Every structure is written in structure tokens, then in C-alpha cells.
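Read through the structure below, which is laid out as C-alpha cells, and then see the notes.
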């Protein structure tokens with residue numbers, strides 16, 4: 001059974017203070033690893049898909065990386081508007097369903 | 001691109017009534033649509049997967065007679081919560097996957113409150 005563990009559960013950063021969120025996973029045949037951002041009371045917003053170890057993707061202040069066991073979401077010089085819950089999910093070769101981790105709640109203070 | 005809408009965004013109903021939630025892919029054809037449920041401060045739990053024109057596949061523990069899913073076209077799926085009870089109160093979110101992608105794009109969610 002696929003398992004996804006995200007850490008930390010919550011993270012508080014000052015504006016400009018860079019950090020990383022972790023997503024550890026076990027999966028029988030990875031089709032893809034996905035990162036989403038979710039604001040309170042809204043649906044998840046797609047950020048990145050990573051398919052193979054060594055792959056990296058960037059979007060503004062966010063950079064996602066992937067190894068065979070984990071993925072990191074690096075946030076460089078965060079701003080208050082980056083405050084949200086960041087969700088990691090894996091998709092295995094059996095289909096297209098996503099198995100989500102519990103998320104990391106990020107708060108960036110001015 | 002890749003916009004998914006849900007209607008209604010909020011619904012309050014009395015116990016015993018049925019509620020229908022619509023999920024539409026606005027600018028792409030959705031080969032597969034998914035329905036999730038999310039409890040406060042918890043992650044998303046997959047309820048069911050539906051492919052256009054086929055019966056939905058439900059996850060273990062999800063009552064298919066209670067949560068009726070219809071995926072009648074490539075842009076519309078509906079979730080009907082039948083004989084709703086207070087324990088069905090939750091945030092329901094749909095997602096859609098296009099033909100040539102692995103990525104699911106999510107709707108804004110529907111907050112269901114059963115009194």
C-alpha cells in the first residue's frame with residue numbers, strides 16, 4: 001500500500017527565511033509525485049509533477065526535487081502570500097488515483 | 001487552462017434529504033473524475049473514481065448506495081449524497097484528469113452541512 005508522510009506538520013517562517021518541506025513516500029511503482037497548494041476553504045491548486053529521481057521543477061519561489069524515497073519543496077525567500085497548506089501526493093502504476101499526505105501548514109509572517 | 005468548477009459552493013440541508021453536487025471541467029475534456037472528502041485540518045480522502053460512461057469505482061468503506069456518482073459526459077460528473085445525515089457533513093472536492101495527462105485539477109470544493 002502506498003504511504004506518504006509529510007514533515008513538518010506545521011512551519012512558521014519569517015518573510016525572507018528560506019526552508020524546505022519534506023515528503024517521504026513508499027509506492028509500488030511510481031507513476032508520479034505531485035505537489036499542491038491548498039488555501040483554507042478551497043480546493044488544491046496544482047504546483048508540480050515529478051516523475052523520476054533527480055528531476056527538479058521550479059515556479060517562482062518554489063522548487064521541487066525528487067529522490068527514490070522522498071521529495072522536497074524548497075521555498076526561497078518566502079512572502080506572506082505563500083502561507084498555505086502544501087500537499088504531497090503519489091500516483092502509482094495501478095491507475096491515476098492520488099494518495100495524499102497530511103500536508104504541511106506553512107505560515108509566513110511579515 | 002485546466003479549470004474545474006463545482007456547484008454549489010455551500011449547501012445546508014435537513015437530515016434525510018438528498019443533495020446533488022456538480023463538477024465540471026470548463027476548458028478540457030475529463031477522461032476521469034475523482035471525488036474526495038476532507039475533514040477539518042485533515043488531508044483529502046479519495047471516495048471514488050469515475051470514467052465517462054462507466055460505473056464509478058468506490059474506495060473501501062465508501063457506501064456506493066449513499067454516494068451516487070454519475071459521469072454522463074466528458075465535462076460533467078455529479079455526486080449525490082442520498083438521505084444525508086449530520087455525519088455526512090464535510091468538504092467535498094472533485095478533480096478531473098484530461099486525456100493525455102496524469103495531473104488532476106481540482107474544483108473549489110463544496111461545503112455540505114447537514115442539520
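Protein chains in written order, with my numbering: chain A, 1 to 110; chain B, 1 to 115. Heads up, the beta-carbon is just placed ideally off N, CA and C, and yes, glycines get one too. Values in this document were obtained by computation on a predicted structure and should not be read as measured data.
Practice task
Could you have a look at residue 92(A) and say whether DSSP puts it in helix, strand or coil?
Solution key: strand
Handout entry: beta strand (DSSP E) segments (min. 3 residues) lying fully within the region 2-44 of chain A
Key = 3-7, 10-14, 19-26 and 30-38
Handout entry: Identified DSSP bridge partners for residue 54(B)
Key = Looking at the DSSP assignment, residue 54(B) forms no beta bridge with any residue, so it has no partner.
Handout entry: Helix, strand or coil at residue 60(A) according to DSSP, with G and I counted as helix
Key = coil
Practice task
Taking only the alpha-carbon atoms, compute the straight-line gap between residue 64(A) and residue 25(A) and give it to the nearest angstrom.
Solution key: 15 Å
Exercise for the section: Please state if the CB of residue 108(B) and the CB of residue 43(A) are separated by a distance shorter than 7 Å. Expected result: yes
Problem - Under 8 Å from the C-beta of residue 108(B): neighbouring residues of chain D - result: The structure shown has no chain D; the protein chains it does contain are A and B.
Practice task
Run the CB neighbour count on residue 113(B), radius 10 Å, all protein chains shown included, and call it buried at 16 or more, exposed below.
Solution key: exposed
Practice task
With DSSP collapsed to three states, give me the class of residue 55(A).
Solution key: coil
Problem - Identity of the residues DSSP links to residue 20(B) by a beta bridge - result: 80(B)
Handout entry: Validate contact between the region 66-83 of chain B and the region 6-22 of chain A using beta carbons, cut 8 Å, 3 pairs
Key = no
Problem - Where residue 70(A) sits in the DSSP three-state scheme - result: strand
Exercise for the section: Determine, using beta-carbon pairs with one atom in the region 10-24 of chain A and one in the region 65-81 of chain A, whether at least three such pairs fall under 8 Å. Expected result: yes
Problem - Alpha-carbon to alpha-carbon, residue 100(A) and residue 41(B) - result: 13 Å
Handout entry: Nearest-angstrom Cα separation, counted from residue 28(A) out to residue 5(B)
Key = 32 Å
Practice task
Count the other CB atoms, across all protein chains shown, that sit within 10 Å of the CB of residue 24(B); report buried if there are 16 or more and exposed otherwise.
Solution key: buried
Exercise for the section: Please confirm whether residue 51(B) and residue 82(B) have their CB atoms less than 7 Å apart. Expected result: no
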